[in-house]
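K.L.:
Input: one structure, supplied below.
Protein chains: 2
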Amino acid sequence: MLTDRQMLILRMVVDDYVRSMEPVGSRTIAKHPELTLSAATIRNEMADLEELGYLEQPHTSAGRIPSQLGYRFYVDHLIKMHSKLSPTDVDSIKSLFGERVNEVERVAQQTAVILSGLTQYTSVVLGPQVYETTLRSLQIVPLSDHTAVVLVVTSSGQVQNRTVTFPEGISLRESQRLVKLLNDRLQGTPMYRIRSRMMEELSREISRHMEDYEEALRLLDQIVTVIDSEATEKVFLGGATNMLLQPEFRDVQKATPVLTWLEHKDRVGDALREEGSSGDKLKIRIGGENDIAMLQGCSVITATYQVGDNPFGVIGVIGPTRMDYGRVIALLDAMSQGLSDMYARLYKT
Amino acid sequence: MLTDRQMLILRMVVDDYVRSMEPVGSRTIAKHPELTLSAATIRNEMADLEELGYLEQPHTSAGRIPSQLGYRFYVDHLIKMHSKLSPTDVDSIKSLFGERVNEVERVAQQTAVILSGLTQYTSVVLGPQVYETTLRSLQIVPLSDHTAVVLVVTSSGQVQNRTVTFPEGISLRESQRLVKLLNDRLQGTPMYRIRSRMMEELSREISRHMEDYEEALRLLDQIVTVIDSEATEKVFLGGATNMLLQPEFRDVQKATPVLTWLEHKDRVGDALREEGSSGDKLKIRIGGENDIAMLQGCSVITATYQVGDNPFGVIGVIGPTRMDYGRVIALLDAMSQGLSDMYARLYKT
DNA sequence: GTTAGCACTCATCTGTATCGAGTGCTAACA
DNA sequence: TGTTAGCACTCGATACAGATGAGTGCTAAC
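Those protein sequences? They're chains A and B, same order as listed. Here the first sequence is numbered in my numbering, starting from 1 and rising by one per residue. Here the second sequence is numbered in my numbering, starting from 1001 and rising by one per residue.
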């Protein structure tokens, strides 16, 4: 285990390196008023910390930078959690959640924008999860003889739509009948059970109501696809190009993989959802701790927001390993709380 | 006016520079079999072309590169339009439009993906325009006592939805009545006239039907906002990070503004829509010809796709000024044709 | 255990020399 | 008059050599 003094020094190295992105030398630490030791003593301690794996040296005559293990120890034991938010931050958050919400998705989008704006990193907001949401309404609006729009509305207010074409043997009237049938039977069913429920309960119903069984099933399949795609909640990205502001990504070679990975929202959503489903309220992945190869030069911090005891959605920040962990954690905390409150106000009254 | 030989040389310089991104010297051109002249003669011609403003020299002892004017002359007079597409390209496009379409938006998204994949530039696809689209259906699905989802479906199959909260004085029943009223009156109205139509025709109707006039208007305003946001068609981006593949954007300083600009789809959509509305089927903006400051280091090529004689949507490619114009134009041509055909098949039968 | 002193390391900076691609110009040639 | 060979010249790119200085590890004294 580390001595108090070693921990103090480690904390200083991390704080300083996060701020300046320059390897921290013994002199710099020695100057710090919190410590009354000479540079030589610091050097000894730093050598020890390096041997223990918490620090590393880019080259012989440079200062030290935190290793992955160093960051890990920092976030686990050394981080100063309190009073990290400036009044400006608090204001931004307050104004975001303070205004009257009548456009739920806009809030999620804005959360992403503000979170990336305040952190200068990339942010991701996953819309409300589906654990508790049920099917509210299924509708079909005809467009032409062969096309129509299928609409799916869930109890959480999410909407999915898709233009579908009718298979040859099926008329508009029949498909409307089919949709009405589905509506009656499936309303209130949890979203994640729809597919199985629909298939087992309805296939024989359909054979009774519809003349052309085969074709009806094909249409049914289209509709289920729409419902399924609703089950995957929406992904909002903020400040993807903030990545380029970070000195570690000034080299395009480094930045391209991450930017490209971020380009596909579904991938990003999948990754974050997995993080969020671990059960912890806050999850921190530092560098190589990330499973995704493209993110091994990054740190990812995720927080879940919820209503009551149900995990409900995920928000996260993606930035360089050299990240201001304390600040990001505080912001995520405040924002997830804000989202939780907002959804609570919206659905439980 | 340029002589034939000057034009030939200009074309060669552009072709060569587009391929290699290296200033083209007189020797390189002289080697070309299509020309039997010595390097010295080429040098004279190149000096003339530079004087005329078609070429420029990065520095005294370097080869020439095309100026903005040079590119302009190239695309106006020198470009080889035909047989630019390889069989692979044609296959990709065929397979995109060949498959049975039952998810219209997916096709637009895929168009963007394939277009950026084939060009290695960034692509933008604007969904069908609204000139001819009318309101098909307006629906409201209640979620709780105070919230509901408003759905707008247009004749072109576009759907917009928004969760709205009811103002204090208005009940669910009343809002349903309001929506039904709107539905009856506005169905078939062109989208761009909805706002004015609604306001002038309905405000007095509402005062008769609804108890609380003020509050009803507020709800109405929310609904109109939903409809308005539908009038702005959807924007699909492909390969935004392809920008980083281009050597001219290897420097993060150069890339960041463009990437950041691309991040806001509505901005991108606005810009492209303006291009598309000029009336020309194909529009090419080279470097400084772009109005948007962030794009002055880029070239933007847009093409409209249509059904019958109605302009319907826009697709475009954004890349460095040093762009393979011939290929991009051919691809845009093929893709806009494909989209036109697809929408024709979908709506006019 | 702490500290001052010192030799050592090594990335970075700066100045210089070299190289070579490409030019413009001139004079000779068809 | 148009074309070409020859040549001096320009200037970015590359390579190399010191010089600089931040920072280290080690030793010996406190």
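Every residue gets a Cβ at the ideal spot worked out from N, C-alpha and C, and that includes glycine.
For B/R1162, decide whether its Cβ has a neighbour in chain A, counting only Cβ atoms nearer than 9 Å.
P.N.:
Your numbering for residue 1162 of chain B matches position 162 in the second sequence. Cβ-Cβ to chain A under 9 Å: yes for B/R1162.
K.L.:
Our contact map puts B/A1216 next to B/L1172 with C-beta atoms below 8 Å; I'd like the distance itself, whole angstroms only.
P.N.:
Within the second sequence, the letter at position 216 stands for residue 1216 of chain B. Within the second sequence, the letter at position 172 stands for residue 1172 of chain B. That belief does not hold up - the Cβ atoms of B/A1216 and B/L1172 are roughly 13 Å apart, past 8 Å.
K.L.:
Can at least three beta-carbon pairs, one atom from the segment 134-142 of chain A and one from the segment 319-331 of chain A, be found at a separation below 8 Å?
P.N.:
Judged by Cβ distances under 8 Å, the segment 134-142 of chain A makes no contact with the segment 319-331 of chain A, as fewer than three pairs qualify.
K.L.:
Is the Cβ-Cβ distance between B/G1338 and B/T1111 less than 9 Å?
P.N.:
Position 338 of the second sequence, counted from the first residue, corresponds to residue 1338 of chain B. Position 111 of the second sequence, counted from the first residue, corresponds to residue 1111 of chain B. Closer than 9 Å, so yes.
K.L.:
How is A/P58 classed by DSSP in three states: helix, strand or coil?
P.N.:
Stepping through the first sequence from its first residue, residue 58 of chain A is reached at position 58. Coil.
K.L.:
Chain A beta carbons: is any one of them nearer than 9 Å to that of B/A1259?
P.N.:
In the second sequence, counting from the first residue as 1, residue 1259 of chain B sits at position 259. Checking the sequence, you will find Leu at residue 1259 of chain B rather than Ala. At least one chain A Cβ lies under 9 Å of B/L1259.
K.L.:
Assign B/D1015 to buried or exposed, taking buried as 16 or more other Cβ atoms, counted over all protein chains shown, within 10 Å of its Cβ.
P.N.:
Reading the second sequence from its first residue, position 15 is the one you call residue 1015 of chain B. Classification for B/D1015: buried.
K.L.:
Taking only beta-carbon positions, decide if B/S1137 is within less than 9 Å of chain A.
P.N.:
Residue 1137 of chain B sits at position 137 when you count from the first residue of the second sequence. Judged by the 9 Å Cβ criterion, B/S1137 is in contact with chain A.
K.L.:
Go through its chain and collect everything with a Cβ distance to A/L295's Cβ below 6 Å, but skip five positions before and after it.
P.N.:
Within the first sequence, numbered from 1, the residue matching residue 295 of chain A stands at position 295. Closer than 6 Å at Cβ, skipping near neighbours: no residue.
K.L.:
If we define contact as Cβ-Cβ less than 9 Å, is B/S1156 a contact residue for chain A?
P.N.:
Locating residue 1156 of chain B in the second sequence gives position 156, counting from the first residue. At least one chain A Cβ lies under 9 Å of B/S1156.
K.L.:
Consider the Cβ of B/A1216: report whether some Cβ of chain A lies at a distance smaller than 9 Å.
P.N.:
Position 216 of the second sequence, counted from the first residue, corresponds to residue 1216 of chain B. It does not: the Cβ of B/A1216 has no partner Cβ on chain A nearer than 9 Å.
K.L.:
With DSSP collapsed to three states, give me the class of A/R106.
P.N.:
One-based indexing of the first sequence puts residue 106 of chain A at position 106. In this structure, A/R106 counts as helix in the three-state DSSP scheme.
K.L.:
Would you list the residues sitting across from B/P1128 in a DSSP beta bridge?
P.N.:
For the purposes of this step, residue 1128 of chain B is taken as the residue at position 128 of the second sequence. According to DSSP, which records beta bridges pairwise, B/P1128 is partnered with nothing at all.
K.L.:
Are the segment 243-259 of chain A and the segment 270-277 of chain A touching by the rule of at least three beta carbon pairs closer than 8 Å?
P.N.:
Contact between the segment 243-259 of chain A and the segment 270-277 of chain A is absent, because fewer than three Cβ pairs lie under 8 Å.
K.L.:
The ligand COA heavy atoms versus the CB of B/G1276: any closer than 8 Å?
P.N.:
As for the ligand COA, it is missing from this structure, which has no ligand bound.
K.L.:
For B/I1140, which residues does DSSP report across the bridge?
P.N.:
For the purposes of this step, residue 1140 of chain B is identified with residue 140 of the second sequence, where counting begins at 1. B/I1140 is bridged to B/V1150.
K.L.:
Nearest to B/E1248 by CA position, among B/C1298, B/V1107, B/L1181 and B/L1220, is which residue?
P.N.:
Counting from 1 along the second sequence, the entry for residue 1248 of chain B is found at position 248. Out of B/C1298, B/V1107, B/L1181 and B/L1220, B/C1298 has the C-alpha closest to the C-alpha of B/E1248.
K.L.:
Does the Cβ-Cβ distance between B/G1098 and A/T163 come in under 9 Å?
P.N.:
As a first step, residue 1098 of chain B must be located in the second sequence, where it is residue number 98. As a first step, residue 163 of chain A must be located in the first sequence, where it is residue number 163. Cβ distance not < 9 Å, so B/G1098 and A/T163 don't count as in contact.
K.L.:
Between A/S26, A/H32 and A/D48, which lies nearest to A/A40 when the distance is taken from Cα to Cα?
P.N.:
Numbered from its first residue, the first sequence carries residue 40 of chain A at position 40. The candidate whose alpha carbon is nearest that of A/A40 is A/S26.
K.L.:
Is B/E1099 close to chain A, meaning its C-beta is less than 9 Å from at least one C-beta of that chain?
P.N.:
Position 99 of the second sequence, counted from the first residue, corresponds to residue 1099 of chain B. Answer no: the Cβ-Cβ gap between B/E1099 and chain A never drops below 9 Å.
K.L.:
In this structure, what does DSSP give as the bridge partners for A/R351?
P.N.:
Given that chain A is displayed from residue 1 to residue 349, the structure contains no residue 351 of chain A and the question cannot be resolved.
K.L.:
Please confirm if A/L143 has its CB atom under 9 Å from at least one CB of chain B.
P.N.:
Locating residue 143 of chain A in the first sequence gives position 143, where the first residue counts as 1. So yes, A/L143 belongs to the interface.
K.L.:
Under the DSSP definition of a beta bridge, which residues are partnered with B/V1235?
P.N.:
Translated into positions along the second sequence, residue 1235 of chain B becomes position 235. Per DSSP, B/L1126.
K.L.:
Under 9 Å, Cβ to Cβ, is there at least one residue of chain A near B/G1239?
P.N.:
The count along the second sequence starts at 1 and reaches residue 1239 of chain B at position 239. Yes, contact with chain A.
K.L.:
Can you grab the Cα-Cα spacing for the pair A/S203 / A/V150, in whole Å?
P.N.:
Start at 1 with the first residue of the first sequence, and residue 203 of chain A comes out as number 203. Start at 1 with the first residue of the first sequence, and residue 150 of chain A comes out as number 150. Computed Cα separation, rounded: 19 Å.
K.L.:
Evaluate A/V90 with the Cβ neighbour count: other Cβ atoms within 10 Å of its Cβ, from every protein chain shown; 16 or more gives buried, anything less gives exposed.
P.N.:
On the first sequence, position 90 is the one that residue 90 of chain A refers to. Exposed, since its Cβ has fewer than 16 Cβ neighbours within 10 Å.
K.L.:
Compute the distance between the beta-carbons of B/I1318 and B/L1245, then report whether it is under 9 Å.
P.N.:
Your numbering for residue 1318 of chain B matches position 318 in the second sequence. Your numbering for residue 1245 of chain B matches position 245 in the second sequence. No, Cβ-Cβ distance for B/I1318 and B/L1245 is not below 9 Å.
K.L.:
Are the Cβ atoms of B/L1049 and B/R1064 separated by less than 9 Å?
P.N.:
What you label residue 1049 of chain B is simply residue 49 of the second sequence in a count that begins at 1. What you label residue 1064 of chain B is simply residue 64 of the second sequence in a count that begins at 1. Closer than 9 Å, so yes.
K.L.:
Checking the sheet assignment: what are the DSSP bridge partners for A/R177?
P.N.:
Numbered from 1 along the first sequence, position 177 holds the residue referred to as residue 177 of chain A. Answer is none; A/R177 lacks a bridge partner.
K.L.:
Measure the Cβ-Cβ separation of A/I315 and A/L115 and say whether it is below 9 Å.
P.N.:
Residue numbering aside, residue 315 of chain A sits at position 315 when the first sequence is read from its first letter. Residue numbering aside, residue 115 of chain A sits at position 115 when the first sequence is read from its first letter. Yes, they are a contact pair.
K.L.:
Please decide whether A/L151 counts as near chain B, where near means a Cβ-Cβ distance under 9 Å.
P.N.:
Here residue 151 of chain A refers to the residue found at position 151 of the first sequence. So yes, A/L151 belongs to the interface.
K.L.:
Where does B/Y1121 fall in DSSP's three states?
P.N.:
As a position in the second sequence, residue 1121 of chain B is number 121, starting the count at 1. The answer is coil: DSSP assigns B/Y1121 none of H, G, I, E or B.
K.L.:
To which residues of the same chain is B/R1043 closer than 7 Å at the C-beta, ignoring the five residues directly before and after it?
P.N.:
For the purposes of this step, residue 1043 of chain B is identified with residue 43 of the second sequence, where counting begins at 1. S1026, listed in sequence order.
K.L.:
Against chain B, which members of the segment 264-277 of chain A pass a CB distance test of less than 9 Å?
P.N.:
Cβ contacts with chain B come from no residue of the segment 264-277 of chain A.
K.L.:
For A/N183, name the three-state secondary structure that DSSP assigns.
P.N.:
Here residue 183 of chain A is taken as the residue at index 183 of the first sequence, counted from 1. Three-state result, A/N183: helix.
K.L.:
Look at A/P58 and A/Y17 and say whether their C-beta atoms are less than 9 Å apart.
P.N.:
Here the question's residue 58 of chain A lines up with position 58 in the first sequence. Here the question's residue 17 of chain A lines up with position 17 in the first sequence. Contact flag unset, no.
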